[in-house]
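Undergrad:
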Amino acid sequence: AQKVTQAQTEISVVEKEDVTLDCVYETRDTTYYLFWYKQPPSGELVFLIRRNSFDEQNEISGRYSWNFQKSTSSFNFTITASQVVDSAVYFCALLPYTGRRALTFGSGTRLQVQP
Amino acid sequence: GAGVSQSPRYKVAKRGQDVALRCDPISGHVSLFWYQQALGQGPEFLTYFQNEAQLDKSGLPSDRFFAERPEGSVSTLKIQRTQQEDSAVYLCASSLGLATSTDTQYFGPGTRLTVL
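Here the protein sequences line up with chains P and C, keeping their order.
Residue numbering for the first sequence follows my numbering, starting at -6 and increasing by one per position.
Residue numbering for the second sequence follows my numbering, starting at 893 and increasing by one per position.
If you want it as structure tokens, here you go:
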């Protein structure tokens, strides 16, 4: 069975602060993919990043960075210099490399960035 | 609009009514997925199509839920005899559907279903 845990239900920061969203996962698969999606108030899930389990290099894209650590089964997401437009619910998700095609999502972290 | 579209965006149904939710995937995407998202929760998988073939329907919660994709493009999720517990946002996603099938799923805006 697969499981994704996002222990932070809600985070509130002031604009320009850095913020890290935690994601811990459980899987018996040796190869898998991890994803982060953003869900703004409009409701649409917006794809942010996909990482595979055999590539532990951290990734940076603008103000976003991701820290994947297979040893601790974590895939954390950091937003640097947060902005009001970053306010949304963020979901971490897991997909096995083979087998069932269903994404397993965490329960999400609501980020509120105050001006 | 090159993204996934869904209609209607909002649907209110009386308990016992049948509803049909439509999904238009990204053009050329072979795979199509339906998820159900309860309030305050992450999406949960319902069913998966590759072209017109429904390859996985293990997430459908009951036999009142039925999905189809007859021509391998547009898909419809039908819920018969709706119950209050069916109230949720129904999300559709599509992906290229390459051989490995681990390509990224792109989501539509969802249909918010409220059953009174």
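Here a beta-carbon is modelled for each residue, glycine too, at the ideal position from N, C-alpha and C.
Note that this is a predicted model, so its numbers are computed, not measured.
(1) Beta strand (DSSP E) containing R103(P): first to last residue?
(2) Residues of chain P with a CB under 7 Å from the CB of V981(C): which are they?
(3) Is it buried or exposed, D978(C), if we count other Cβ atoms within 10 angstroms and call 16 or more buried?
(4) Is there contact here, the stretch 899 to 910 of chain C with the stretch 55 to 68 of chain P, by at least three beta-carbon pairs under 8 Å?
(5) Could you check which residue in G1000(C), V981(C), T1003(C), T974(C) has the C-alpha nearest to that of K906(C)?
(6) So, S986(C) versus I918(C), is the Cβ gap smaller than 9 Å?
(7) Just confirm the distance between the C-beta atoms of K123(P) and E52(P), as a whole number of angstroms; I'd bet it's less than 8 Å.
(8) Within this structure, are the beta carbons of L96(P) and F941(C) separated by less than 9 Å?
(9) Leaving aside the five residues before and after D11(P) along the sequence, list all residues of the same chain whose C-beta is less than 8 Å from its C-beta, in chain order.
TA: In short, the structure shows the following:
(1) 102 to 107
(2) G36
(3) buried
(4) no
(5) Closest by alpha carbon: T974(C).
(6) yes
(7) The first residue shown for chain P is -6 and the last is 108, placing residue 123(P) beyond what the model contains.
(8) no
(9) T71, I72, T73, A74, S75
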